[in-house]
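A.B. asks:
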Amino acid sequence: MIKFFRRVRYDLMGKNKTGKYLKYAVGEIVLVVIGILIALSLNNWKEDLADQGEETRILGGLKQEFETNLAEVSRNIKLNTSTRESTIALIQLIHTDEPFANQRYLDSLLNEVYMFGSFDAQTGLVNEVISSGKLSIIKDTELRSRLTGVSGLLDNLEEDYIIRNDYYYNHIIPYLSKYVSIINQDKFMNFSGWSESYESNKLDDSPFKQKYMDIDLLQFENLFAIHKVNNDFVNLDEYDLKEFFTQTLKIINTNLDLKE
-11 MIKFFRRVRY DLMGKNKTGK YLKYAVGEIV LVVIGILIAL SLNNWKEDLA
39 DQGEETRILG GLKQEFETNL AEVSRNIKLN TSTRESTIAL IQLIHTDEPF
89 ANQRYLDSLL NEVYMFGSFD AQTGLVNEVI SSGKLSIIKD TELRSRLTGV
139 SGLLDNLEED YIIRNDYYYN HIIPYLSKYV SIINQDKFMN FSGWSESYES
189 NKLDDSPFKQ KYMDIDLLQF ENLFAIHKVN NDFVNLDEYD LKEFFTQTLK
239 IINTNLDLKE
């Protein structure tokens, strides 16, 4: 009987010790889990702060990039609008009874229809953000969408630049070279749209006689009618880009204001 009670007491003591060890172990595990969760929270907090700082840096860079592009496309719109208006004036001149009566005016128009412009957009930071995988750092979904869509707009514009330029140099210049002296247009050449300081040396008028009477007026008209259409597409693309840059800048500035 005594042995039996000793056995029971021994078993109870062992179970009590096991329970204590189990509670201790569970407590240790809970502390470890809490520590891990705290560490993860701190790490996530640090990463969030870093991302916020990087987003601010990216937004500031995008602001400068888009402001430059907006100024450049606005300058180009002015140049290409002048080209379009001069092309219309030239076509209207062709429709008159004596289109070649005022040689000086004709030369001025032929120069102005040539003074079209193009621009290379700055996309360095946009490309960096996309290629580096940092696009997700930008929280504004509309801004992310715009950054990925700008290349398509620029590709369309570049294609229309090429069509216009190729047409002018492959068709209009060879045609004009047969009948008029292109150097007579040089005195009207104005580079102020590209540079405030550059001044070109003006050429003297050609001593050779113009062949106005050999010009086929219908062909002459058609050449510049197509040139107008080509420039219309360029103008259309540039106006779309100007609106795109303007609206994107508003979104960028709004996001920067929220960070202040």
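Position 45 of the sequence shown, counting from 1, maps to 33 under this note's numbering, and the rest follow consecutively. Where is the CB? At the ideal position from N, CA and C, for every residue including glycine.
What would DSSP say about Ala59, mapped onto helix, strand or coil?
C.D. replies: helix
A.B. asks: Does the segment 219 to 231 come close enough to the segment 54 to 70 to have 3 or more Cβ pairs within less than 8 Å?
C.D. replies: yes
A.B. asks: Is it true that the segment 209 to 227 meets the segment 112 to 125, where meeting means three or more beta-carbon pairs spaced less than 8 Å apart?
C.D. replies: no
A.B. asks: Where does the unbroken alpha helix (DSSP H) through Ala213 begin, and where does it stop?
C.D. replies: Annotation for Ala213: the continuous alpha helix (DSSP H) segment containing it runs 205 to 247.
A.B. asks: Quick one: what's got a C-beta closer than 7 Å to Leu47's C-beta in the same chain, skipping five residues either side?
C.D. replies: Ile240, Asn243, Leu244
A.B. asks: How close, in whole Å, do the beta carbons of Arg72 and Asn219 come, if the pair is a contact with beta carbons under 8 Å?
C.D. replies: 5 Å
A.B. asks: Alpha carbon to alpha carbon, what distance is there between Glu226 and Val101?
C.D. replies: 18 Å
A.B. asks: Let me know if Pro254 comes out buried or exposed under the rule of 16 or more other beta-carbons within 10 Å of its beta-carbon.
C.D. replies: Since the displayed the chain opens at -11 and closes at 248, residue 254 lies outside it and no answer follows.
A.B. asks: With a threshold of 8 Å, are at least 3 pairs of Cβ atoms found where one atom belongs to the segment 74 to 81 and the other to the segment 136 to 146?
C.D. replies: The segment 74 to 81, when compared against the segment 136 to 146, does not touch it at the 8 Å Cβ threshold.
A.B. asks: Starting from Gly121, follow the alpha helix (DSSP H) in both directions and report where the run begins and ends.
C.D. replies: Careful: Gly121 lies outside any alpha helix (DSSP H) and carries neither H nor E.
A.B. asks: Which class does Phe176 belong to by DSSP, given the choice of helix, strand or coil?
C.D. replies: Of the three classes helix, strand and coil, the one that applies to Phe176 here is helix, per DSSP.
A.B. asks: By Cβ distance, which residues of its chain are closer than 6 Å to Ala109, with the 5 residues on each side in sequence left out?
C.D. replies: Only Asn57, Leu142 meet the Cβ criterion.
A.B. asks: Can you list, in chain order, the residues of its chain with a C-beta nearer than 6 Å to that of Leu191? Leave out the 5 residues immediately preceding and following it.
C.D. replies: Ile171, Asp174
A.B. asks: How far does the alpha helix (DSSP H) with Leu131 in it reach, from first residue to last?
C.D. replies: 129 to 155
A.B. asks: Could you tell me the distance, in whole angstroms, from the CA atom of Gln91 to the CA atom of Asn144?
C.D. replies: 37 Å
A.B. asks: Taking only the alpha-carbon atoms, compute the straight-line gap between Ser70 and Phe104 and give it to the nearest angstrom.
C.D. replies: 8 Å
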